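Engineer: Every letter in the sequence shown is one number past the one before it in numbering that gives the first Met the number 0, and letter 108, counting from 1, is 107. Built from N, CA and C at the ideal position, the CB exists for glycine as well. Quick caveat: nothing in here was measured; it's all calculated off a predicted structure.
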Amino acid sequence: MNHKIWKKTTIRIREEKFIQQSALAGAGLMLLNPLDILAQNNPSKNMSKNIKSRGYAGKDENGKLESWSFERRAVGDNDILIEIKYSGICHSDIHTIKGHWGKQAYPQVPGHEIAGIVTAVGKNVTKFKVGDKAGVGCMVDSCMKCESCKNGEEHHCETTGMIGTYGAPDKTSPSGITQGGYSNNIVVTEHFAIKIPENIDLKYAAPLLCAGITTYSPMMKINFKKGDKIGVIGIGGLGHLAVKLAVSKGAEVYAFTTSPSK
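1. With H, G and I counted as helix, E and B as strand and the rest as coil, what does DSSP make of Thr95?
2. Provide the residue(s) that pair with Asn184 in DSSP beta bridges, ordered along the chain.
3. Taking the alpha carbon of Lys63 as the reference point, which residue from Gln103, Pro259, Ile96, Val74 has its own alpha carbon closest?
4. Using 8 Å as the threshold, is the C-beta distance between Ser86 and Glu65 below it?
5. Does the segment 119-132 come within contact of the segment 99-109, defined as at least 3 CB pairs closer than 8 Å?
6. Ignore the nearest five residues each way along the sequence and tell me which others in Leu244's own chain have a CB closer than 7 Å to its CB.
7. What does the alpha-carbon distance come out to for the pair Thr171 and Val124?
8. Considering only the alpha carbon of each residue, which of Glu70, Ala114, Asp59, Arg72 lies closest to His94?
9. Can you give me the Cβ contacts of Val120 inside the same chain, cut-off strictly under 7 Å, excluding the 5 residues immediately before and after it?
10. Taking only the alpha-carbon atoms, compute the straight-line gap between Gly238 and Gly211 and give it to the nearest angstrom.
11. Take Lys248 and list the residues in its own chain whose beta-carbon comes closer than 6 Å to its own, dropping the five residues that flank it on each side.
12. Using a Cβ-Cβ cutoff of less than 7 Å, which residues in the same chain neighbour Cys145 once the five nearest sequence positions on both sides are dropped?
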């Protein structure tokens, strides 16, 4: 996977074809002031209405991203509204938009390593306040009633299944599916938002919400100790984070790659 950082109207992806296909949309928008493009009225004053949003959406399987204006659901009692500052780019975003993993609904905004600032909160929200740093990973809902959900394993939801951050059928979404982080905002139930510490820069926090946790979780489960030998096979988007995590825990780390340049 290739986890770069995407800020507002700038997309950087190593996959050259994807860049070329997205270039027209990006170039056209960059002629304008990004703040003008993504500006919106203060949502806290009008939370009962759908939230206007703008982002980059795939319209079909050719994978070209185009500017798209759409709406998100109104901020509910248990929801927060996040003004997105950064969204990591994961190779799964590309696979999904191009239909490599099955038929997709379009238009669809990808992006599931989301980091931003809370701009509105529902009346029942306790974990966040306006101005907090917040993140969203690969899922935004589940049944919250089954054993898996109750045990903190919502990704193994046994009834509805987890609701992915983009492309998943969603009755609460005006577009009929969830829409992801290549956009200026997102409405999400507070349970599925992550509070980002003040001392972490948002641009560094974003990739931790997928690539980071994907490597961190299994590494913590093996309970390795300082001085243990850890081998990391592949040092790309996930692998380089695994190396950093293992080193930070005091392991003796060996990285395996087929790319001499690395």
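Structural biologist: In short, the structure shows the following:
1. Correct three-state label for Thr95: helix.
2. Asn184 is bridged to Glu82.
3. Across the set Gln103, Pro259, Ile96, Val74, the C-alpha of Ile96 shows the shortest separation from the C-alpha of Lys63.
4. No.
5. Counting Cβ pairs under 8 Å, fewer than three are found: no touch.
6. Answer for Leu244: Thr214, Tyr215, Met218, listed in chain order.
7. Approximately 18 Å between the Cα atoms of the pair.
8. Nearest option by C-alpha distance: Asp59.
9. Cβ neighbours of Val120 beyond the five flanking positions: Ile79, Phe127, Lys128, Val129.
10. Spanning the two alpha carbons is a distance of roughly 10 Å.
11. Cβ within range, chain order: n/a, list empty.
12. Within the same chain, Cys145 has close Cβ partners Cys156, Glu157, Thr158.
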